[in-house]
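Line order of the protein sequences matches chains P and B. Residues 11 to 384 in my numbering are what the first sequence spells out, letter by letter. Residues 2 to 422 in my numbering are what the second sequence spells out, letter by letter. For glycine and all other residues, C-beta sits at the position ideal for the given N, C-alpha and C. The structure under discussion appears below in the form of structure tokens.
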Amino acid sequence: MANLEERLNEVKLIAKGPKAQFKKYIAAGKKVMGCFPMYVPEVIAHAAGMVPMGMWGAQTEQKLSKLYLPAFACPLMQSNMELGLRGTYEGMTAVMIPTMCDTFRCVSQNWKSGVKIPTISFSFPQNRKLEASVEFLETEYNYVKERIEEILGTKITDEALEKSVKIYNEHAKLMMKFADLVPDHLDVITPTVRHWVMKSAMFVDKTEHIEIMKDIIAGLEARPAYNWTGKRVVLTGITAEPESFLQIFEDNGLAVVADDLGQEMRQYRTLIPDEGKTVMERIARQWNKRFACPLAHDEKFSRGDHLLDLCAKTKATGVVVCLMKFCDPEEYDFPLYNKQLREAGIPSLSLDVDQQPTNYDQARTRLQAFAEIL
Amino acid sequence: MSEQQVKKPRRPMSKSLIMVRQQLADLYKEAQEAKARGEKIGWSASIFPQELCETLGIVVVYPENHSAGIAARHQAEPYLQRAEGEQEYNNDLCSYAKINLAYIESRDLPEHNMPMPDFLLCANNICNQVTKWYENLSRKYDIPLFMLDMSFNHQNFVTPSREKYIRAQMDDIIEQLEKLTGKKFDQDRFREIMEISTENKDLWIKANELLTNIPAPLNGFELFNYMSAMVCCRGRRSTTEIMKQLISEIEEHIKNGTSTYQGEQKYRVYWEGIACWPHVSHNLKIMRKLGMNMVVTAYVRAWALDYIPGDLDSLARAYTFNASNNTPIETFVERRSRDLIKFNCDGMIYHLNRSCKVMDMQQAEVQRQIQAKTGVPFVSFDGDQSDFRNYSEAQFETRMEAFAELMDEFKATKKNKEAQK
């Protein structure tokens with residue numbers, strides 16, 4: 011068992027150097043599955059003995075991606091295209107790309123046209139209240155499974171799937187536990203450290219990450235609760251990166267006490283449920299249980315309520331919207347939850363998040379002013 | 002226009018055009034009257050199966066068509082400002098959506114008002130933004146939203162599970178509409194509506210394909226004028242009459258060797274994407290100056306839905322696979338390449354429509370693949386379906402001038418090859 015400090019240092023290295031992780035797995039003879047955002051069924055690849063790794067772009071200059079995407083494309087998709095075309099992902103066995111928004115539809119087509127790594131595309135059903143949607147997604151997932159089997163030349167058994175489901179659920183529970191502990195340990199879990207813990211989960215086999223999380227949680231539980239006297243905020247959006255962006259929070263005495271970020275807790279807050287005749291049906295039902303996400307259609311809007319709940323639970327007094335530039339699903343939600351926050355007396359601040367190398371001077375000034383009004 | 006300028010006599014409006022304009026005016030009037038009688042009326046996404054409401058006798062209007070009309074009449078500015086200002090919608094979003102989300106708050110166009118909807122019909126075969134747009138309408142005004150998820154096809158055919166899922170949703174929506182309106186879904190009527198829609202589809206394709214004639218008997222931009230019939234009323238007999246009239250007018254031109262296109266048609270071009278509604282007249286002016294006629298566009302044909310009347314499963318398949326926005330790139334490229342050849346096009350104009358990401362984000366790759374397949378030159382320009390701010394007259398003109406030169410080269414090469422044969 012490693013101590014807290016060692017583990018926090020480890021997640022920092024992993025989060026900052028996914029390439030080294032990738033090389034480590036390849037050298038060990040592992041097959042890596044690239045996972046585009048969001049909610050792709052990693053668990054199926056895991057059951058095939060692969061290591062699923064998240065693909066959430068990078069801070070990078072866009073050159074080759076311009077051959078495919080106009081300047082107003084989502085920066086995350088631009089970066090993924092750029093890195094794919096540049097050969098950064100060479101060695102990956104395949105990538106899973108869902109078609110969750112308009113840009114996604116096209117990027118799945120661009121990727122298969124321009125990048126040599128095999129693409130496994132599938133669609134999530136949006137009419138999630140109908141039982142027929144579960145059967146549909148189960149079929150889509152079985153297609154994903156067959157494609158993986160075809161690429162690897164192996165069979166994925168139900169037993170292997172069951173085992174991976176257990177691992178993924180255990181991991182998600184630990185992530186939830188960690189998120190719950192954060193508000194009591196804001197002295198060690200700074201916004202940046204919190205992000206490293208979350209981000210590292212995408213680049214490590216979940217079996218290994220479970221051990222990392224157990225140690226971090228034990229280390230935090232062994233410490234007395236810290237009386238944070240600074241301000242507390244909740245983050246919402248797709249990602250809150252890079253590090254220099256989160257550093258501004260720290261510089262202004264702002265603690266991140268909870269998140270509703272695609273790259274972070276949105277992934278972990280819904281378990282694979284127990285109900286279902288087959289294990290694949292259970293995996294499919296997880297999608298129907300996801301909530302408050304702009305990429306998953308709901309009859310009722312719950313994102314505003316969810317943000318207010320997070321604020322109440324963590325004593326946060328403000329919400330920072332980390333708005334991925336050109337992300338239309340996020341942009342449509344904004345006026346709705348922002349109104350709810352306003353009516354509840356919770357101040358919010360919307361900041362643009364980009365993946366082009368950029369300085370965050372403007373964000374710094376605005377966050378400074380925001381910290382003062384909280 | 003200054004008093005000194007002399008007005009050019011306008012060409013008299015064709016009978017079919019008078020009919021189609023009247024049909025749309027009648028539809029809005031019908032919706033107002035139905036609402037006044039206490040009936041439930043709906044707002045619908047543009048490629049939602051109209052067959053369902055037409056069978057039930059429920060009046061439905063189409064916000065996309067409505068926003069396009071607002072933009073074409075140059076009335077969009079206050080709505081865009083309201084959406085991006087007090088309503089906090091990002092400038093990045095679809096202008097049809099922004100105009101509509103602002104319009105619903107005031108509904109202040111007496112000549113063109115849509116009544117408040119009692120339900121919303123959303124089909125995402127056109128894009129994902131329409132889902133988010135309708136979600137916001139539904140949430141803000143507490144209006145039931147009936148979602149018909151058409152699920153992007155990542156294979157070159159409609160998988161049986163997709164068909165089953167879409168069919169299940171349609172059955173569910175029919176049941177919910179019956180409950181909401183108290184009307185009964187009659188199978189015989191449904192079959193009849195599907196037959197009428199199929200006849201209209203065939204007539205619409207025929208009208209479009211008459212433009213394979215050289216020279217084209219129509220200024221192709223005029224096809225945009227008839228879209229309201231296919232978008233809003235494709236299950237109605239009035240559309241049959243309009244289409245027949247339009248065809249007879251086109252055939253008359255063919256017979257007489259005339260065309261509504263004024264001037265020499267030096268270049269036959271394909272238009273990719275939605276019309277640039279606020280600037281159609283500028284597009285037309287420049288294209289006419291250079292002798293370009295748009296003879297084909299996939300856009301107007303998106304409403305030519307092909308199914309077997311009486312067969313709900315085939316209806317499900319048609320609605321998920323007809324819109325190119327919902328198909329894989331191979332199908333997208335194949336359809337366009339086929340039409341470029343069939344219509345004997347000299348070039349292809351791509352509208353990089355700032356509002357429509359699903360049409361933009363693979364456009365560069367589509368251009369490469371189509372050109373590799375057909376050799377036909379292309380040009381693209383920056384525009385927007387209904388935001389007048391996203392367009393530059395100078396850019397359009399310069400690009401079209403350069404494009405004309407490219408087409409000259411292409412035509413010369415083609416001619417040489419033919420001479421060598």
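The alpha helix (DSSP H) with B:K290 in it runs from where to where? Residue mapping note: residue 290 of chain B aligns to position 289 of the second sequence, counting from 1. Start and end: V281 to L291.
8 Å Cβ cutoff met for B:I275 and B:Y308: As a first step, residue 275 of chain B must be located in the second sequence, where it is residue number 274. As a first step, residue 308 of chain B must be located in the second sequence, where it is residue number 307. No. Outside cutoff.
Would you decide whether P:A381 is buried or exposed? Buried here means 16 or more other CB atoms lie within 10 Å of its CB. Residue mapping note: residue 381 of chain P aligns to position 371 of the first sequence, counting from 1. With 16 or more Cβ atoms within 10 Å of its Cβ, P:A381 is classed as buried.
Distance, B:A73 Cα to P:M48 Cα: Reading the first sequence from its first residue, position 38 is the one you call residue 48 of chain P. Reading the second sequence from its first residue, position 72 is the one you call residue 73 of chain B. Cα to Cα, the separation comes out at about 38 Å.
Quick one: Cα of P:G247 to Cα of P:L271, how far? Residue mapping note: residue 247 of chain P aligns to position 237 of the first sequence, counting from 1. Residue mapping note: residue 271 of chain P aligns to position 261 of the first sequence, counting from 1. If you draw a straight line from the Cα of P:G247 to the Cα of P:L271, it is about 5 Å long.
Strictly by DSSP, which residues pair up with P:K241? Counted from its first residue, the first sequence places residue 241 of chain P at position 231. In DSSP, P:K241 forms a bridge with P:L264.
Return yes when the Cβ of B:Y268 is within less than 8 Å of the Cβ of B:M293, no when it is not. Position 292 of the second sequence, counted from the start, is the residue given in the question as residue 293 of chain B. Position 267 of the second sequence, counted from the start, is the residue given in the question as residue 268 of chain B. A contact, by the Cβ cut-off of 8 Å.
In chain order, what residues of the same chain have a beta carbon less than 6 Å from the beta carbon of P:K335, not counting five sequence neighbours either side? Within the first sequence, residue 335 of chain P is the residue found at index 325, counting from 1. Excluding positions up to five away in sequence, the list reads P85, D362 and D364.
Contact set for P:Q88: own chain, Cβ-Cβ below 6 Å, skip 5 residues either direction: Counted from its first residue, the first sequence places residue 88 of chain P at position 78. Around P:Q88, the same chain offers Q72, S75 and L79 as residues with beta carbons nearer than 6 Å, after the five sequence neighbours per side are excluded.
Please report the Cβ distance between P:I107 and P:F46, rounded to the nearest whole angstrom; I am assuming they are in contact, meaning their Cβ atoms lie under 8 Å. By 1-based counting over the first sequence, the position of residue 107 of chain P is 97. By 1-based counting over the first sequence, the position of residue 46 of chain P is 36. About 5 Å; that satisfies the 8 Å criterion.
Ordered list of alpha helix (DSSP H) runs contained in the region 336 to 372 of chain B, each at least 4 residues: Runs of the alpha helix (DSSP H) inside the region 336 to 372 of chain B: 358 to 361.
Using the three-state DSSP reduction, which class does B:C128 fall into: helix, strand or coil? Here residue 128 of chain B corresponds to residue number 127 of the second sequence, with the count starting at 1. It is coil, neither helix nor strand.
Could you list the residues in the region 358 to 385 of chain B with a C-beta less than 7 Å from some C-beta on chain P, going in chain order? Residues are counted here when their Cβ sits less than 7 Å from a Cβ of chain P; for the region 358 to 385 of chain B these are K358, V359, D361, M362, Q363, A365 and E366, given in chain order.
Buried or exposed: where does B:Q177 fall if 16 or more other Cβ atoms within 10 Å of its Cβ makes it buried? Residue 177 of chain B sits at position 176 when you count from the first residue of the second sequence. With fewer than 16 neighbouring CB atoms inside 10 Å of its own CB, B:Q177 falls in the exposed class.
Using the rule of at least 16 other Cβ atoms within 10 Å of the residue's Cβ for burial, across every protein chain shown, is P:I220 buried or exposed? Counting from one through the first sequence, the residue named residue 220 of chain P turns up at place 210. Here P:I220 is buried. Its C-beta has 16 or more other C-beta atoms within 10 Å.
In chain B, which residues lie with their C-beta within 7 Å of the C-beta of P:T113? Here residue 113 of chain P refers to the residue found at position 103 of the first sequence. Among the residues of chain B, those whose CB is under 7 Å from the CB of P:T113 are K358 and M362, following chain order.
Report yes or no: do the region 310 to 322 of chain B and the region 377 to 392 of chain B share at least 3 C-beta pairs separated by less than 8 Å? No, they do not touch.
Jot down the residue ranges of each uninterrupted beta strand (DSSP E) in the region 195 to 277 of chain B, minimum 3 residues, whole runs only, in chain order. The DSSP assignment places 268 to 273 as complete runs of the beta strand (DSSP E) inside the region 195 to 277 of chain B, in order along the chain (cut-off: 3 residues).
Is the region 350 to 363 of chain B touching the region 112 to 123 of chain P, taking contact as three or more C-beta pairs under 8 Å? Because the criterion of three Cβ pairs below 8 Å is met, the region 350 to 363 of chain B and the region 112 to 123 of chain P touch.
Beta-bridge partners of P:I130, as assigned by DSSP: Position 120 of the first sequence, counted from the start, is the residue given in the question as residue 130 of chain P. DSSP lists P:M106 as partners of P:I130.
So with Cβ pairs under 8 Å, would you call B:G89 a contact of chain P? Along the second sequence, one-based indexing puts residue 89 of chain B at 88. The question names Gly, but residue 89 of chain B in the sequence shown is Glu. Answer yes: the Cβ-Cβ gap between B:E89 and chain P drops below 8 Å somewhere.
Drop a sphere of 10 angstroms on the beta-carbon of P:P304, count the other beta-carbons inside from all chains shown, and report buried for 16 or more, exposed for fewer. Your numbering for residue 304 of chain P matches position 294 in the first sequence. Result: buried.
On the CB-based measure, 16 or more other CB atoms within 10 Å of its CB, does P:T280 come out buried or exposed? The residue labelled residue 280 of chain P in the question sits at position 270 within the first sequence. Buried, since its Cβ has 16 or more Cβ neighbours within 10 Å.
Which residues in chain B have a C-beta closer than 9 Å to the C-beta of P:L74? List them in chain order. Here residue 74 of chain P refers to the residue found at position 64 when the first sequence is read from its first residue. Using a Cβ-Cβ cut-off of 9 Å, P:L74 is close to nothing in chain B; its nearest Cβ partner there is about 12 Å away.
Segment limits, beta strand (DSSP E) that includes B:S381: Indexing the second sequence from 1 puts residue 381 of chain B at position 380. Where B:S381 is concerned, the enclosing beta strand (DSSP E) stretches over F379 to G384.
Listed in chain order, which residues of the region 93 to 119 of chain P have Cβ atoms closer than 7 Å to some Cβ of chain B? The region 93 to 119 of chain P vs chain B, Cβ under 7 Å: T109, C111, D112, T113, R115, C116, V117, S118 and Q119.
I need the DSSP call for B:E4, collapsed to helix, strand or coil. On the second sequence, position 3 is the one that residue 4 of chain B refers to. Residue confidence for B:E4 is low, a pLDDT of 43 falling below 50, so the modelled location carries little weight and cannot support an answer.
My output table needs one value for P:M11: the three-state DSSP class, helix, strand or coil. As a position in the first sequence, residue 11 of chain P is number 1, starting the count at 1. In the displayed model, P:M11 falls within coil according to three-state DSSP, outside both helix and strand.
Straight-line CA distance for P:N137 to P:D308? Taking the first sequence and counting its residues from 1, the one referred to as residue 137 of chain P is at position 127. Taking the first sequence and counting its residues from 1, the one referred to as residue 308 of chain P is at position 298. Cα-Cα distance, rounded: 8 Å.
Can a CB atom of chain P be found closer than 8 Å to the CB of B:D173? One-based indexing of the second sequence puts residue 173 of chain B at position 172. At least one chain P Cβ lies under 8 Å of B:D173.
Nearest to P:M212 by alpha carbon, out of P:R233, P:M110, P:A37 and P:M43? Position 202 of the first sequence, counting from 1, holds the residue named residue 212 of chain P. The residue with the shortest Cα to Cα distance from P:M212 is P:M43.
Once the 5 residues before and after P:Y278 are set aside, which same chain residues still bring their CB inside 7 Å of it? As a first step, residue 278 of chain P must be located in the first sequence, where it is residue number 268. For P:Y278, where only same-chain residues beyond five positions count, the Cβ hits under 7 Å are A182, M185 and M186.
Run through chain P and tell me which residues come within less than 8 Å of B:C1, C-beta to C-beta. Chain B is shown only over 2 to 422; residue 1 of chain B falls outside these bounds and no answer can be derived.
For B:R318 and chain P, any beta-carbon pair shorter than 8 Å? Counting from 1 along the second sequence, the entry for residue 318 of chain B is found at position 317. No, B:R318 lies away from the interface with chain P (no Cβ there is under 8 Å from its Cβ).
For P:D190 and P:Y236, believed in contact at Cβ under 8 Å, the rounded distance: Your numbering for residue 236 of chain P matches position 226 in the first sequence. Your numbering for residue 190 of chain P matches position 180 in the first sequence. 15 Å between Cβ atoms; not a contact.
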